[in-house]
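Chemist: Protein chains in written order, with the numbering used here: chain P, 1 to 256; chain X, 1001 to 1256; chain C, 2001 to 2256; chain E, 3001 to 3256. Beta carbons: idealized from backbone N, C-alpha and C, even for Gly. For clarity, every value in this text was computed on a predicted model and none was experimentally measured.
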């Protein structure tokens, strides 16, 4: 059979990424307490394509996923390096998105439960290896302005804190989640009894935060976190008084 | 050219709906103040297929959409009747979803603005004509339990009230939106100044509602609304203390 | 603390469903080969609420999920019966959606791989127990009309076959997936080498199917499948010549 | 009332973007034939926030949207300049996404119809004004490898071509759509009769394209298009033999 992908291409246009997307695959991730979490990932994998080759053999990407052992930095770097060599590319990328569960006790009754955060690993292997971990943490924000101007109550709402960190070592998802939660009006939980609900309601009221406040508080904590070379933070609140969202965003390269 | 769709089918399986989905099309809707609103609809159209015919000529559905004048009950009934005849069907259906904008003044400063609700028309033309209007209204709910047990504050959040009504006449989207908003802790707005924000915050605090309360308050109002033969109400709040939603649902045939 | 939910309600409106939605939770499912699959579910749980009680204690739903052993019919019935008793309800419902992976060998090279289908369990426990399994299977359809009228080629596309079956016993997801795939122009795979791609291309060309054909072929197979009391089938193809989809739907109560 | 947003902030963290998202608003766009199109936009607006100010008055963004005349380059630059001044910011951004309808005659019968593309305007006003137009065009791709290795047929599928161009003048959406369509195996249509379907089927078969081919063919055309300072192209095909997508991406600053 003729191999069209390997043929010469005369258009002289190099492509930065050629690959596959939306591939779902079962994966395992280690949590901070040395336990294995099973979850389902959605994957994107690609390589660059030089100006004079027509195409990429796409089945190699699925083979690479099949061979992957786990989702540690080492596992992913090995997988990308193999892709790079087999496909004769300069750079190989992957992005892996998955649900991850955080164990958490209710603040007063201490009843344990789980809740989900959305994680992503965005990785590139060329001459160097670059690893960016992304986490979306659901939290609650209570509006300082609403509290200040109102005789009673204050509008509050579910918000999400999106943190991306480029790191030079494995770090724990749980640690980044904690940074997000400490920067919000209050963390949120799956299972709360009435004494817990009272605690959260009062804590949020005593700890009002604009999206701007939460973004800055995350930024300060990330600048002091070991191993972070670059970060971005996006805080978005599903305003309970509007049908649109408010957000604050910043990013920074950190001097190490 | 051979016409495969019109050929005899021997499998003896009648189909309830054969048609097209996800067709986007520009449409106009009349609002309560006799003004034309331009918006974009997403359409599904179908007919039933008897047990002995192989297929439907799908291009007829797009032709029917092209010929449609507007979105009044009369326009839709005419379009479905034409489809039914051209495609020799017993029943023709359509579902039309679109964004619709509500004009609203802020509660204190009275600055006017717009906000969007999602509407649907779900229609069937057989021997009779059946018309179900659906509206999703964004509102705010404040938790009665959280207010009761807490020394200050109360968790609140954006919620959506989904109302479907089967009616025997044209009714105004604005009227159904009002029913939803009167049944929530407070309506929401696009544009609020500080005096407005104070008003909403305090009103929500004085008017706490569980999803169960909002659903029942909508139900009572719909039972007294002229021309409603059946209704359903689904209230869903994006709980600001959880990463999951709370909801309440009911439906009822109304004696007219 | 006052218990608002348990208070008397005078509005005289019973609610059909009160509960929680969008709760993500890690679960395990047994596959046909006696192996455990770990996946992530999205859950909805609810009970009915009598006309004279104000609300439901929502934390009970998360407790019920925490206690659930697995996703067998027996596990789910037990969980719903407990909910029904603890919440003093007449009926308890749940809907559980999850990704499930099918093991499959490529048709010629026989290289094994995985691909995902989306499953749902929709269950109700009142005096009786009702269990509806839903599966969305990605397949390929090739247009018979396009093949017939064209001198070469035929348009084809990814399609999805949505099957729901009400059953009176545990059945295997793999069996329902097979019924969907046998009714399409060809099944689809994650990992294909060139001899496999040739096989699939030619098989689809020799086996053209309208959405109407695929729906009927599924229906015939389901009517002869043991234990099915009711079924629905929806076939939707992402037409490669249009920016909208074509679909066919039917449903039927089966005489057992 | 105290104005919390205007207070001094001591955290010393400047924010790159503070604003609102997911605001829906009715808008009008001029098409290439001097006609007005009415559609619904989803908007994001933001400004930067200096390190020593606590927050942004978010209601100003909705006021800016209310005052906007249209969506020409001039209209948007004026709106952003006003925002920048009123909010005392260095930079103001907006992103506006909307459905846009293309008029098109069927290739043989010449029956006219409409189909939708998704557009975005991504704009930044600081010392300079930057305007990036994005368009997602649905097309069809037919696999060259599948055609080559198979005795008959070839798999094909719906694909999307995502083009972003940074331009220094108003350009027509219709022109960018044409570039995308000329680079695919065949354009797609809403309304086709059998002679049209034959034409498209045969044309796609005679014009096979990998995602790599389509991306390169778009790139060549964009490099020769007047006024383009930078472009990106992403081609993604919903592979009809897989449950995942294939894609190719590149971007380039163009020497003008």
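#1: Against residue 3151 (chain E), what residues of chain C qualify as contacts under a CB-to-CB distance less than 7 Å, listed in chain order?
#2: Using a Cβ-Cβ cut-off of less than 7 Å, list which residues of the region 16 to 30 of chain P approach chain E; keep chain order.
#3: Under 7 Å between C-beta atoms, does residue 2250 (chain C) make it to chain X?
#4: Against chain C, with Cβ distances strictly below 7 Å, would residue 3237 (chain E) count as a contact?
#5: On a CA-only basis, which of C:2032, C:2163 and C:2199 is nearest residue 2109 (chain C)? Give me that one, please.
#6: Residue 11 (chain P) versus chain E: which residues are under 9 Å apart at the beta carbon?
#7: Can you find a CB in chain X that lies within less than 7 Å of the CB of residue 2118 (chain C)?
#8: I'd like the span of the beta strand (DSSP E) that includes residue 1230 (chain X), first residue to last.
#9: Could you tell me which chain C residues have their CB closer than 9 Å to the CB of residue 3113 (chain E), listed as they occur along the chain?
#10: Please report whether the beta-carbon of residue 3038 (chain E) lies at a distance below 7 Å from any beta-carbon of chain X.
#11: Here's the rule: buried if 16 or more other CB atoms are within 10 angstroms of the residue's CB, otherwise exposed. What is residue 1081 (chain X)?
#12: With DSSP collapsed to three states, give me the class of residue 2034 (chain C).
#13: Could you tell me whether the region 182 to 197 of chain P touches the region 110 to 127 of chain P, using the rule of 3 or more Cβ pairs below 8 Å?
#14: For residue 2083 (chain C), decide whether its Cβ has a neighbour in chain P, counting only Cβ atoms nearer than 7 Å.
#15: How long is the line joining the alpha carbons of residue 1168 (chain X) and residue 1130 (chain X), rounded to whole angstroms?
#16: Assign residue 224 (chain P) to one of two classes, buried (16 or more other C-beta atoms within 10 Å of its C-beta) or exposed (fewer than that).
#17: Return the CA-CA distance between residue 3106 (chain E) and residue 3196 (chain E), expressed in angstroms with no decimal places.
#18: Going along chain C in order, which residues have a C-beta closer than 7 Å to the C-beta of residue 101 (chain P)?
#19: I believe residue 3004 (chain E) touches residue 3055 (chain E) by the beta-carbon criterion, under 8 Å. Please report the beta-carbon distance rounded to the nearest angstrom.
#20: Quick check: what's the CA-CA separation for residue 1154 (chain X) versus residue 1222 (chain X)?
#21: Taking the alpha-carbon positions, what's the residue 2145 (chain C) to residue 2212 (chain C) distance?
#22: Do we get a CB-CB distance below 7 Å when we pair residue 187 (chain P) with the residues of chain A?
#23: Curious, which full-length beta strand (DSSP E) runs of at least 3 residues does the region 2144 to 2178 of chain C contain?
#24: Using a Cβ cut-off of 9 Å, which residues of the region 135 to 146 of chain P contact any Cβ in chain E, in chain order?
#25: Taking 7 Å as the CB-CB limit, is residue 4 (chain P) close to chain E?
#26: In the DSSP assignment, find the alpha helix (DSSP H) that holds residue 4 (chain P) and state where it starts and stops.
#27: Taking DSSP as the reference, what is the three-state secondary structure of residue 1196 (chain X)?
#28: Are the C-beta atoms of residue 226 (chain P) and some chain X residue less than 7 Å apart?
#29: Going by beta carbon distance, what residues of the same chain come within less than 6 Å of residue 3137 (chain E), once the five residues before and after it are set aside?
#30: Check each candidate in C:2095, C:2158, C:2239 and C:2245 and name the one with the smallest Cα separation from residue 3201 (chain E).
#31: Flag this pair as touching only if the region 2231 to 2247 of chain C and the region 3012 to 3025 of chain E have three or more C-beta atom pairs under 8 Å; answer yes or no.
#32: Please list, in chain order, the residues of the region 3041 to 3063 of chain E that have any C-beta partner in chain X closer than 8 Å.
#33: Of all Cβ atoms in chain C, is any one closer than 7 Å to the Cβ of residue 3234 (chain E)?
#34: What's the gap between the Cα of residue 44 (chain P) and the Cα of residue 92 (chain P)?
#35: Please state whether the Cβ-Cβ distance between residue 1046 (chain X) and residue 1018 (chain X) is less than 7 Å.
#36: May I ask you to list, following chain order, the residues of the region 155 to 170 of chain P that have a beta carbon less than 7 Å from some beta carbon of chain X?
Modeler: Well, looking at it:
#1: Residues of chain C with a Cβ closer than 7 Å to the Cβ of residue 3151 (chain E) are, in chain order, 2202.
#2: When CB distances to chain E are screened at a threshold of 7 Å, the residues of the region 16 to 30 of chain P falling below it are 16, 17, 18, 19, 20, 21, 22 and 23, in chain order.
#3: Answer yes: the Cβ-Cβ gap between residue 2250 (chain C) and chain X drops below 7 Å somewhere.
#4: So, not an interface residue.
#5: Selection C:2032, C:2163 and C:2199 evaluated against residue 2109 (chain C) yields C:2199 as nearest (Cα-Cα).
#6: Chain E residues near residue 11 (chain P): 3213, 3216, 3217, 3219 and 3220.
#7: Judged by the 7 Å Cβ criterion, residue 2118 (chain C) is not in contact with chain X.
#8: Membership of residue 1230 (chain X) in the beta strand (DSSP E) is indicated by the continuous run 1228 to 1237.
#9: Here the premise fails: no neighbours, minimum Cβ distance about 10 Å.
#10: Yes, contact with chain X.
#11: Flag for residue 1081 (chain X) reads exposed.
#12: Three-state DSSP puts residue 2034 (chain C) in coil, outside helix and strand.
#13: Touching, yes, given that three or more Cβ pairs across the two stretches are closer than 8 Å.
#14: No, residue 2083 (chain C) does not count as interfacial toward chain P.
#15: The C-alpha of residue 1168 (chain X) lies about 8 Å from the C-alpha of residue 1130 (chain X).
#16: Its Cβ having fewer than 16 others within 10 Å, residue 224 (chain P) is exposed.
#17: Between residue 3106 (chain E) and residue 3196 (chain E), the C-alpha separation is close to 6 Å.
#18: Chain-order list of chain C residues neighbouring residue 101 (chain P): 2026, by C-beta distance under 7 Å.
#19: Cβ atoms of residue 3004 (chain E) and residue 3055 (chain E) come within 8 Å of each other, at about 7 Å.
#20: Approximately 29 Å, taken between the alpha carbons.
#21: Computed Cα separation, rounded: 12 Å.
#22: Considering every chain present, this structure includes no chain A. Its protein chains are P, X, C and E.
#23: The region 2144 to 2178 of chain C contains these whole beta strand (DSSP E) runs: 2156 to 2167.
#24: So the list reads 144 and 145, given in the order they occur along the chain.
#25: Proximity of residue 4 (chain P) to chain E, defined by a Cβ-Cβ separation below 7 Å, is satisfied.
#26: No alpha helix (DSSP H) holds residue 4 (chain P); DSSP gives it neither H nor E.
#27: It is helical.
#28: Residue 226 (chain P) does not count as touching chain X.
#29: 3117, 3161, 3177 and 3180, listed in sequence order.
#30: Per the Cα distances, C:2239.
#31: Verdict: no, contact absent.
#32: Correct list: 3059, 3062 and 3063.
#33: No, residue 3234 (chain E) lies away from the interface with chain C (no Cβ there is under 7 Å from its Cβ).
#34: One Cα belongs to residue 44 (chain P), the other to residue 92 (chain P), and the distance between them is close to 11 Å.
#35: Yes, they are a contact pair.
#36: Listed by position, the residues of the region 155 to 170 of chain P near chain X (Cβ gap below 7 Å) are 155, 156, 157 and 158.
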